[in-house]
Amino acid sequence: MTARPRLLQQCFQQALTEAPEMLGRCMEVAIADLQVAENKGTDTAMRDRVARAWWLLLQNKAQWSKAFPQRLREAFEGAPGDTQLSRPATLSESVMLSLVDEDVVNESLESARLLQSIQPTLEQELAVLDALMSSLIGEGTVRAELNPLRPSVFIRALRDLMSNDEPDSEIRGLWLRHFGPPLGRELKKMYENLAVMLQRANVREAGYRVRLAPQGKRAVRAGIAEEGSQWGKLPEQDGMGGRLSGGAPLDYPAYDLPPMPHLGRLQSGVEHRVFHDFLEHGHSRYERPLEGGYYQQVERELREVERSAPAEPIDEQVLQQQRMQYRDVTAVDRPAREVGIGSELSPQEWGDFAAAHERSKLLLQLKQKAQKVSQAVGLDVVRTLVNQVASDPLLLAPVREAVVALEPALLRQAMANPRFFSEDEHPARRLIESVAQRSFKYNDEFASEFDRFFQPVQQAFRELNASEQADSTAFADLLDHLEESWQAQDQADLQQQDQGLQSVRYAEARQALADQIAWDISQRADIDHAPGVILDFLYGPWSLVIASAQLNDQTQHHDPGGYKKVVSHLLWSVKKEVTLKRPAKLFEILPKMLSTLHEGLDMLGQTREETQPFFDALMRLHEPVLGLRRARTRSDAGSSDPVPLEGSSKSMELDETLPATPEQRKPRQSGQPWLGRRELDAAGFEDTLPTDYADLAESQAAAQAHQADEQAMVQAAMAESQEAIDPAMVLAGLREGDWVDLNSRREWLRAQLIWASSKGTLFMFVSRGGRPHSMTKRSCERLIANRLLRPIESRSVVQKAITAMARDAAPSSEPEPA
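Everything in the sequence shown is counted per the working numbering, starting at 951 for the first residue and increasing by one.
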């Protein structure tokens, strides 16, 4: 493939851009899985091999993330039909494999197993991408083996990357085995994004070869399974019972288009298959002129609407009573008010088009002006989608009423561009979507902050209804104005939000570096026979001190602050058999060492009370030499005989000063980043977060308030629902950007997840005013179980409405494979 389509190059570039972070996340999961396997292992040799495997992955993470895109680029440019990983070996191939080195065979089998393990995860997304890619490269039918982004290409690039840096095939096999689940998830997400990009570029899916069913609609549907295939020939009639000029075969079943009088009716929605076909395909038959039967029906409908108009205006007081009915109910427990195209809205808020009959009357008046089938269907499509969005219970009732109130402006837009709802970037569609997504910041329609958001929206919608403009400029201008005001409002919130976010991101980076520093310390020869309390300190707080110094250093010094040097002095100072022979050296290095230790821990944000237990233990470890000095002082003064050193040492010896156990000698990666008090405050932690060597407790008042909150809300939640909830599964389903309702200090807040640690152990949410709420995984799961944290579905509301209609339009039978 010497000349590649521009879109294909964009797909390659997208994959190459995502590749470093994708590989990094896969490696993090594989490292964690290997560590679990190491802990569970019983065979010593296997545990050592697994430990080496995850340690090498950790060492190679940065280098591989940089090299992986180049490997992928070479793989994308390789032979398009290479299916080496995707099919079982034939008999002749098996004979040939027997002549190859056993390590090569085993690695090939591991690669094949990896491919097989991820196929079920990718099945749906890969099928769509295969069809789109086949069409993009000019194939009439799906040729999955020619998809340059198929999973085997990624696996081959990954295998080559591993082979280049690791000669041990057993280690490479362990890596491949543990890459399956994360690689499957990452490719699934990438394939979804690539498919959306191609679909938005109007690339049609190639199809599979099919055979037509014997009779009826199924024969027609089977014939349209692939883009490049020809439709089965149909009677030479159009959708209105007329004949097409030239007798050409239709490109769509004639009976799917409603008759003319039906198009002229006032109806709440378009027939599902017509809706789907019109928005997705927009066949040329929709450009046919409307006929007399259509206009006659519109006249009848218009007279009926005018005749049935209510004699009395809408009672504003009744509407307000209905709205205020549930004001005293907790925001998250209020039943959703019903809203639809037939709803009577507040005249005070929405003016002339508050009345349902006025909106219907405008619709029919526009139908009178329509000249083509596309305009008539487009008007009905607008009403269908307005009704669908207005019924979405996830949106607050005023927002749904606003969508209904905007129907007149949307109808005028449909006259100029009947299929505008099929365009993702059309300003009218973007305006509805942007307002809906912004509204997810609020969970209470009676709150003052929601009112401040909603008033400008209401004013903008009324201006659009009052305008006679039929192009998209008015929608674009008002959307720009709203977004500018939203951005201005968000600036102050973002400053506070960024402060907390930087704290937890810094803590995560510091912890990752500290874990690596701890491992480096564990490989030193001088840790032999070191006391457990010393290794705990070096692997924990002191690794964090060294990591902080390196992250904050601007001079590129190899040992900023001299904190690495202290490790050698500290390990030497606790070797009793050495220091007793050279006490003068210990007394020489001790003051500077203690000063540096205090300085580093102060920089980390630790108080003297928190670090005192370690320094007490260190003093006991130095007691033999300190006792020797005291004894000599007394001897020189002639005040007493020398004190027996061994007896003094034994009397002071405690368990914590004994040599480290095998478990203590091996550092463990921290499950979650360590945070100091300042970082905890900045990140908005409201629950106790255990540190590596101290517990940061809540104040008694905060703990009592929190306990009262939980008791009250748990009782309400139990009364509300007995349905079992899996907190771990709910939490695993949350992604950055998702919204939740969070109970904090006896108040229900709408908060957004803006950060989760790479290991999924810490989470940060932000509520109104940029207020941070950070918590551990355990705290999140407890809140979910007690219904104090409730995820909110907040995906695209317009696309959701279109998808719901398209799902109903799907054919009941599928094409049969040839």
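C-beta: ideal position from N, C-alpha, C; glycine also.
Classification of aspartate 1051 by the beta-carbon crowding that lies within 10 angstroms, buried from 16 upward: Low local confidence applies: a pLDDT of 45 at aspartate 1051 is under 50, so the model's placement there is unreliable, with the coordinate-based value given in what follows. Aspartate 1051 sits exposed, since fewer than 16 C-beta atoms from the chains shown fall within 10 Å of its C-beta.
Arginine 1021: first and last residue of the uninterrupted beta strand (DSSP E) it sits in: Counted as a single uninterrupted DSSP element, the stretch harbouring arginine 1021 is not any beta strand (DSSP E) but the alpha helix (DSSP H) occupying residues 994-1026.
Alanine 1701, enclosing beta strand (DSSP E) - first and last residue: From DSSP, the beta strand (DSSP E) with alanine 1701 extends over 1697-1706.
Minimum C-alpha distance to valine 1332 - residue among Val1220, Ser1384 and Val1407: Answer by Cα proximity: Val1220.
Range of the contiguous beta strand (DSSP E) that encloses isoleucine 1742: Where isoleucine 1742 is concerned, the enclosing beta strand (DSSP E) stretches over 1739-1742.
CB of valine 1103 within 8 Å of CB of phenylalanine 1225, strictly: Cβ distance not < 8 Å, so valine 1103 and phenylalanine 1225 don't count as in contact.
Buried or exposed (CB count within 10 angstroms, at least 16 for buried), threonine 1753: Within 10 angstroms of the beta-carbon of threonine 1753 lie fewer than 16 other beta-carbons, which makes it exposed.
Close Cβ partners of phenylalanine 1635 (< 8 Å) along its chain, the five nearest in sequence each way excluded: The answer, listed in chain order, is Leu1625, Ser1724 and Met1725.
Residues that DSSP places opposite arginine 1721 in a beta bridge: In the DSSP output, where bridge partners are listed per residue, arginine 1721 has Ser1717.
Sequence-distant residues of its chain with Cβ nearer than 7 Å to phenylalanine 962 (five each side left out): Taken in chain order, the residues that qualify are Phe1026.
Buried or exposed (CB count within 10 angstroms, at least 16 for buried), valine 1279: With fewer than 16 other Cβ atoms within 10 Å, it is exposed.
Candidates Asn1415, Phe1400 and Pro1377: closest to arginine 1388 by CA position: With distances taken between Cα atoms, arginine 1388 lies closest to Phe1400.
Which listed residue (Gln1447, Val1516, Lys1525 and Arg1455) has its alpha carbon closest to that of histidine 1479: If we check each option's Cα against that of histidine 1479, Lys1525 comes out closest.
Validate contact between the region 1114-1125 and the region 1081-1088 using beta carbons, cut 8 Å, 3 pairs: The region 1114-1125 makes no contact with the region 1081-1088; the number of CB pairs closer than 8 Å stays below 3.
DSSP three-state assignment for proline 1592, whether helix, strand or coil: Low confidence applies here, because proline 1592 scores a pLDDT of 37, under 50, leaving its location unreliable and the question unanswered by this model.
Segment limits, alpha helix (DSSP H) that includes tryptophan 1300: Counting along the chain, the alpha helix (DSSP H) containing tryptophan 1300 begins and ends at 1297-1300.
For lysine 1391, the three-state DSSP class (helix, strand or coil): In the structure shown, lysine 1391 adopts coil according to DSSP, grouped into three states.
Cβ shell of leucine 1554 (< 8 Å), same chain only, five flanking positions each side left out: Contacts found: Pro1491, Leu1494, Val1495, Ser1498 and Gly1626.
Same chain, Cβ closer than 7 Å to leucine 966, five either side skipped, listed in chain order: Excluding residues within five positions, the ones whose Cβ falls inside 7 Å are Pro1019, Leu1022 and Arg1023.
Minimum Cβ-Cβ distance from histidine 1231 to chain B less than 8 Å: Protein chain content of the structure displayed is limited to a single chain, and chain B is not contained in it.
Exposed unless 16 or more other CB atoms sit within 10 angstroms - verdict on glutamine 959: Around the beta carbon of glutamine 959, a 10 Å sphere encloses fewer than 16 other beta carbons of the protein chains shown; the residue is thus reported as exposed.
Neighbourhood of aspartate 1283 by C-beta distance below 6 Å, restricted to the same chain and skipping five residues each side: Hits under 6 Å: none found.
Alpha-carbon spacing of asparagine 1502 relative to tyrosine 1513, whole angstroms: One C-alpha to the other measures close to 13 Å.
When Thr1711, Pro1132 and Gly1687 are compared against serine 1744, the one with the closest alpha-carbon: Ranking the options by Cα distance to serine 1744, first place goes to Gly1687.
Leucine 1213 beta carbon less than 8 Å from that of valine 1327: Against a cut-off of 8 Å, the Cβ pair of leucine 1213 and valine 1327 comes out as a contact.
Contact check, glutamine 1298 vs glutamate 1266, beta carbons under 8 Å: Against a cut-off of 8 Å, the Cβ pair of glutamate 1266 and glutamine 1298 comes out as a contact.
Cα-Cα separation between alanine 1386 and valine 1407, rounded to whole angstroms: Roughly 11 Å between the two C-alpha positions.
Check whether leucine 1240 and methionine 1210 have beta carbons under 8 Å apart: The answer is yes: Cβ separation under 8 Å.
Stretch-stretch touch, CB-based, cutoff 8 Å, three pairs: the region 1359-1367 with the region 1269-1279: The region 1359-1367 is not in contact with the region 1269-1279.
Span of the alpha helix (DSSP H) around serine 1498: That run of the alpha helix (DSSP H) goes 1493-1502.
Contacting residues, own chain, Cβ-Cβ under 6 Å from aspartate 1476 (five flanking each side not counted): Setting aside the 5 residues that flank it on each side, aspartate 1476 is surrounded in the same chain by Leu1521, each with a C-beta closer than 6 Å to its C-beta; the list follows chain order.
Asparagine 1337 beta carbon less than 8 Å from that of serine 1218: Using a Cβ distance threshold of 8 Å, serine 1218 and asparagine 1337 count as a contacting pair.
8 Å Cβ cutoff met for arginine 1615 and aspartate 1374: No. Outside cutoff.
Nearest candidate by alpha-carbon position, reference leucine 1681, set Leu1699, Phe1715 and Trp1698: Nearest to leucine 1681 by C-alpha distance, out of Leu1699, Phe1715 and Trp1698, is Phe1715.
Under 8 Å between C-beta atoms of serine 1061 and leucine 1124: 8 Å or more divides the Cβ of serine 1061 from the Cβ of leucine 1124.
DSSP bridge partner residues for serine 1694 (one or two, in chain order): Bridge partners of serine 1694: Glu1697.
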